[in-house]
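Enquirer: For reference, the structure I am asking about is given below.
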Amino acid sequence: MNHKTEINLKLLIAIYAYLGIPTIIFLLGWCRCYIGIPVCVITIISIFLAVKEYKADISTSSVFDSTDKKKWLAIGVILFCWLILSGVGGYVWQNDDHWWRNTIFQLLVEKQWPVISGEQGMVYYIGFWMVPALVGKIFGIHAGFSAQFLWAFLGIALFYTLLCAWRKKVSIWPLILFIGFSGLDVIGTLLNSSDVISFFGVEHLERWAQHYQYSSMTTQLFWVFNQAINAWLVSLLVFLYEKPRNILFTWSLLLITSPLPFVGLLPYIIYFLFKRSDWDNVTGFGDYLKRAFTNFCSAQNILGAVSIGLIVGIYFLGNSAGHVIPIFSGFSTSGVFATIFSSIILVLVVTLWMSYCFCKRKSKIIPGKKLGILLCIFIIPVALFLLSKNMDWNTYAYKLVFLGLFYLIEAGMYLILLHDTVADKGLFFLTCIWLFIIPRIIVGTSQDFCMRASIPALILIFVWCVDALSNKKASKVTWILIIVLLLGSITPLHEIKRTLVYSKDAYILEFVQDTDVMTSINFSGSIDTLFWKHIAK
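687 is the number of the first residue of the sequence shown in my numbering; add one for each residue after it.
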């Protein structure tokens, strides 16, 4: 996968507008004028500066070539059908996660912003709904649900158009691959369950690993569309195009819609800040700082990212679930904190190593395959030793084996097959390590961090798969990769079939009680916090 900076201007503007508008509406609708308006102005100026940063790399060609009209029509039809089946907009039967999201959306449409009930305020990643809710306030709740569908369609269309622009080719097969992209949940289910399953049934296969889960792209859309779509778009922009002088600002635009994928992008943000910067002929520490300022200390990265990050970050700090770290059977609180601490140390070490390598003009961040393997062999036992403190060894040994099995089935098979095709080994090994660490970090009351923080890394693996399959010289490894992808596609087929089966009968748009949302620690928090006291209207 090569980093290509050439991009179509209209596409770039459309992407930044799509990413920036939810944050702007939140700032104007939820924050006091003397805070929201200045930060809104900073955001708009930052978008302008971010687009301007591409001035020398704007493509004169259009991704909407007139010769590709039939392909774009087919792509549009496929996206439309996929999105309809997801339940977004309420046109078909919906998975039960939608019931909560329907009520959240209803509250955003019918209640005054910011949404408060008694001593509780709505504290949730509401960014996706800002535009549809505004439409709903003006034209009614039904128009709002339709606007949800259209807003989702636009986001996915921008994502796929960006992928086509990077490939410099309009093709339908990468879209089919994206819809079917998943880990080998069917194998995990068969190994971990005594129940008989159907290869084309309606079961939700991804629950086989209990406390661990990497969700397929179709599962993400069918269950957590409000987080997934923006995460896909930002991740793809960061991986394929984004410049160091824009990258922190672009990253900050993801926060209001997708806080967990936002965290999942952190190691990559650090990596690309150094990878894509100019470190040639650095003579000393003073020159290093000066070069760093030139490379990524832009107005949009400093003023834009920091102002957005502060406001939205303070808002999320009021969420009650963010302070909860559950203790699953066999895992102590000290073990959880040890994992988080070791993850932070790992990111810092990788950052320092990258900085040193780039300043010394070394071509490789991790010099060779053997050292990367040795690094994994060293890090994993150390993390496991910290986690196993004061635990029963037999119980933890089982969990270790299970985690290894999960990692192999959900990501490891792809990584093994893709190793030789990925040119950027530093990025490759960072992904290998990060996907092993993510399942051990627990925030909130369930495995949400594992499911959602993994989205950027899974997008990267998908891009690597597209890149590998685009090579016309097919090898044995390519055919094995195709077989693995076909086995993985059984998971999204189950998701799609479940919608088709349950939509045959009469159904209604399901909601939960307003009080269930406003008293749930996942969706609310006390108004006795900094945001509600000093920032909210």
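Built from N, CA and C at the ideal position, the CB exists for glycine as well.
(1) Using C-beta distances below 6 angstroms, list every residue in its chain close to H784, excluding the 5 sequence neighbours before and after it, in chain order.
(2) Please return the same chain residues whose Cβ sits closer than 7 angstroms to the Cβ of Y702, not counting the five positions on each side in sequence.
(3) My guess is that F1223 and W716 are in contact by the Cβ rule of under 8 angstroms, so how many angstroms apart are they, rounded?
(4) Can you tell me where the alpha helix (DSSP H) holding G1211 begins and where it ends?
(5) E1181 CB to nearest chain B CB: under 8 angstroms?
(6) How long is the line joining the alpha carbons of R893 and P708, rounded to whole angstroms?
(7) By DSSP, does N1005 sit in helix, in strand, or in coil?
(8) Among Q986, E796, G762, which one has its Cα closest to the Cα of I933?
(9) By the 10 Å Cβ neighbour count, where 16 or more other Cβ atoms means buried, how is F886 classified, buried or exposed?
(10) Is the CB-CB distance between L769 and F839 below 8 angstroms?
(11) Let me confirm a value: I711 is counted as buried when at least 16 other C-beta atoms fall within 10 Å, else exposed. Which label applies?
(12) DSSP on C717, reduced to helix/strand/coil?
(13) Assuming W918 contacts N781 (C-beta within less than 8 angstroms), just tell me the rounded distance between them.
(14) Tell me the start and end of each unbroken beta strand (DSSP E) in the stretch 784-842 that is at least 3 residues and wholly inside, in chain order.
(15) Do you know offhand how far Q913's Cα is from F1148's?
(16) Spatial neighbours of V725 within its chain, please: C-beta separation below 8 angstroms, excluding the five flanking residues on both sides.
(17) Taking the DSSP output, what are the residues bridged to A1222?
(18) As a quick exercise: from V817, A843, K797, pick the residue whose alpha carbon is nearest that of V763.
(19) What separation, rounded to the nearest whole angstrom, lies between the Cα atoms of A1024 and I1127?
(20) Return the CA-CA distance between L1172 and P1178, expressed in angstroms with no decimal places.
(21) Counting C-beta neighbours from all protein chains within 10 Å, is the total for I824 16 or more, i.e. buried, or is it exposed?
(22) Would DSSP call I988 helix, strand or coil?
(23) Using 8 angstroms as the Cβ pair cut-off and three pairs as the minimum, do the stretch 862-871 and the stretch 1092-1104 touch?
(24) In angstroms with no decimal places, state the Cα-to-Cα distance between H1105 and R853.
(25) In this structure, does DSSP put N981 in helix, strand or coil?
(26) Taking C-beta to C-beta, are L793 and M808 nearer than 8 angstroms?
(27) Based on DSSP bridge pairs, tell me the residues matched to N694.
(28) Of all the options H897, F1122, E739, which has the alpha carbon lying nearest to the alpha carbon of F982?
(29) Taking the alpha-carbon of G990 as reference, which of L849, I693, L698, G722 has the nearest alpha-carbon?
(30) On the CB-based measure, 16 or more other CB atoms within 10 Å of its CB, does L877 come out buried or exposed?
(31) Quick check: the stretch 949-962 against the stretch 1106-1121, are there 3 or more CB pairs under 8 angstroms?
(32) In whole angstroms, what is the alpha-carbon distance linking V795 and I802?
(33) I need the DSSP call for W894, collapsed to helix, strand or coil.
(34) Determine the direct distance from the alpha carbon of L1146 to that of K756, and round the result to whole angstroms.
(35) Suppose contacts are defined by Cβ-Cβ distances below 8 angstroms. Is I1221 in contact with I865 by that definition?
(36) With H, G and I counted as helix, E and B as strand and the rest as coil, what does DSSP make of F1157?
Expert: The relevant details are as follows:
(1) By 1-based counting over the sequence shown, the position of residue 784 is 98. G773, listed in sequence order.
(2) For the purposes of this step, residue 702 is taken as the residue at position 16 of the sequence shown. The answer, listed in chain order, is I733, A736, V737.
(3) Translated into positions along the sequence shown, residue 1223 becomes position 537. Translated into positions along the sequence shown, residue 716 becomes position 30. According to the sequence shown, residue 1223 is Lys rather than Phe. Confirmed, about 7 angstroms.
(4) Counting from 1 along the sequence shown, the entry for residue 1211 is found at position 525. Where G1211 is concerned, there is no enclosing alpha helix (DSSP H), although the beta strand (DSSP E) it sits in stretches over 1210-1212.
(5) Absent from the structure is chain B; it holds one protein chain and no more.
(6) Within the sequence shown, numbered from 1, the residue matching residue 893 stands at position 207. Within the sequence shown, numbered from 1, the residue matching residue 708 stands at position 22. If you draw a straight line from the Cα of R893 to the Cα of P708, it comes to about 32 angstroms.
(7) Looking up residue 1005 in the sequence shown gives position 319. Looking at N1005 - three-state DSSP - the assignment turns out to be coil, as it is neither helix nor strand.
(8) If you number the sequence shown from 1, residue 933 lands on position 247. Closest by alpha carbon: Q986.
(9) Your numbering for residue 886 matches position 200 in the sequence shown. F886 comes out exposed.
(10) In the sequence shown, residue 769 corresponds to position 83, counting from 1. In the sequence shown, residue 839 corresponds to position 153, counting from 1. Against a cut-off of 8 angstroms, the Cβ pair of F839 and L769 comes out as a contact.
(11) Reading the sequence shown from its first residue, position 25 is the one you call residue 711. Its Cβ being crowded by 16 or more others within 10 Å, I711 is buried.
(12) Looking up residue 717 in the sequence shown gives position 31. Reduced to three states, the DSSP call for C717 is strand.
(13) In the sequence shown, the residue the question calls residue 918 occupies position 232. In the sequence shown, the residue the question calls residue 781 occupies position 95. About 19 angstroms separates the two Cβ atoms, so there is no contact after all.
(14) 806-808
(15) The count along the sequence shown starts at 1 and reaches residue 913 at position 227. The count along the sequence shown starts at 1 and reaches residue 1148 at position 462. So the two alpha carbons sit approximately 18 angstroms from each other.
(16) Counted from its first residue, the sequence shown places residue 725 at position 39. Excluding sequence neighbours, V725 sits near L713, C717, S993, I994, I997.
(17) Taking the first residue of the sequence shown as 1, we reach residue 1222 at position 536. Per DSSP, C717.
(18) As a working mapping, residue 763 is identified with position 77 in the sequence shown. Of the listed residues, the one whose Cα sits closest to V763 is A843.
(19) The count along the sequence shown starts at 1 and reaches residue 1024 at position 338. The count along the sequence shown starts at 1 and reaches residue 1127 at position 441. Its pLDDT being 44, under 50, A1024 is placed unreliably in this model, and the value from its coordinates should be taken loosely. Answer to the nearest angstrom: the Cα atoms are 10 angstroms apart.
(20) Sequence index remark: in the sequence shown, residue 1172 carries index 486 (1-based). Sequence index remark: in the sequence shown, residue 1178 carries index 492 (1-based). Roughly 11 angstroms separates the two Cα atoms.
(21) Your numbering for residue 824 matches position 138 in the sequence shown. Per the 10 Å Cβ criterion, exposed.
(22) Here residue 988 is taken as the residue at index 302 of the sequence shown, counted from 1. Three-state DSSP puts I988 in a helix.
(23) The count of Cβ pairs closer than 8 angstroms, one atom from the stretch 862-871 and one from the stretch 1092-1104, reaches three, so the stretches are in contact.
(24) Numbered from its first residue, the sequence shown carries residue 1105 at position 419. Numbered from its first residue, the sequence shown carries residue 853 at position 167. Each residue's alpha carbon lies about 20 angstroms from the other.
(25) Residue mapping note: residue 981 aligns to position 295 of the sequence shown, counting from 1. DSSP places N981 in helix when its eight states are reduced to three.
(26) Numbered from its first residue, the sequence shown carries residue 793 at position 107. Numbered from its first residue, the sequence shown carries residue 808 at position 122. Yes, the pair counts as a contact, with Cβ atoms nearer than the cut-off.
(27) Locating residue 694 in the sequence shown gives position 8, counting from the first residue. DSSP links N694 through a beta bridge to S745.
(28) Looking up residue 982 in the sequence shown gives position 296. Among H897, F1122, E739, the Cα nearest to that of F982 belongs to E739.
(29) In the sequence shown, counting from the first residue as 1, residue 990 sits at position 304. The shortest C-alpha separation from G990 is found at G722.
(30) Reading the sequence shown from its first residue, position 191 is the one you call residue 877. Exposed, because fewer than 16 other Cβ atoms sit within 10 Å of the Cβ of L877.
(31) yes
(32) Here the question's residue 795 lines up with position 109 in the sequence shown. Here the question's residue 802 lines up with position 116 in the sequence shown. Answer to the nearest angstrom: the Cα atoms are 13 angstroms apart.
(33) Your numbering for residue 894 matches position 208 in the sequence shown. In this structure, W894 counts as helix in the three-state DSSP scheme.
(34) Counted from its first residue, the sequence shown places residue 756 at position 70. Counted from its first residue, the sequence shown places residue 1146 at position 460. Approximately 28 angstroms, taken between the alpha carbons.
(35) Taking the first residue of the sequence shown as position 1, residue 1221 is located at position 535. Taking the first residue of the sequence shown as position 1, residue 865 is located at position 179. Cβ distance not < 8 angstroms, so I1221 and I865 don't count as in contact.
(36) By one-based count along the sequence shown, residue 1157 stands at place 471. At residue 1157 the sequence reads Asn, which differs from the Phe that was named. Looking at N1157 - three-state DSSP - the assignment turns out to be coil, as it is neither helix nor strand.
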